[in-house]
Amino acid sequence: MFAVDENDPDSTTKSKIAFALWMFGLVISIIVSLVFCPQDWSGEVCLTGWYSFILFLAPILIALAIIQSHSITRS
């Protein structure tokens with residue numbers, strides 16, 4: 046389930062952290078979308094695609110940014 050880089054001894058830990066961060070971001074984005082969209086499904090947030098962006102892309106982007114910043118500080 047987790048990607049392992051044999052050249053990096055911390056690879057499994059990094060992968061687990063990335064997955065946990067992604068899950069945290071996904072849960073937060075689901076909560077945000079459930080708070081805003083049911084109030085007005087034809088509103089600007091839900092119809093312009095922000096709902097899809099928040100729900101699917103934001104957690105991935107957040108996890109990648111944190112992993113990248115962690116990699117930069119370790120090198």
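Sequence positions in the sequence shown follow this note's numbering and run 46 to 120.
Every residue gets a Cβ at the ideal spot worked out from N, C-alpha and C, and that includes glycine.
ask   = Just how far apart, CA to CA, sit L66 and Q113?
value = Here residue 66 corresponds to residue number 21 of the sequence shown, with the count starting at 1. Here residue 113 corresponds to residue number 68 of the sequence shown, with the count starting at 1. C-alpha separation (whole angstroms): 13 Å.
Beta-carbon spacing of A108, A63 below 7 Å = For this step, residue 108 is matched to residue 63 along the sequence shown. For this step, residue 63 is matched to residue 18 along the sequence shown. For A108 and A63, yes; Cβs fall inside 7 Å.
query = Thinking just about the alpha-carbon of each residue, which of I105, F101, A110, L106 is nearest to the one in S78?
reply = Counting from one through the sequence shown, the residue named residue 78 turns up at place 33. Checking every option, the nearest Cα to that of S78 belongs to F101.
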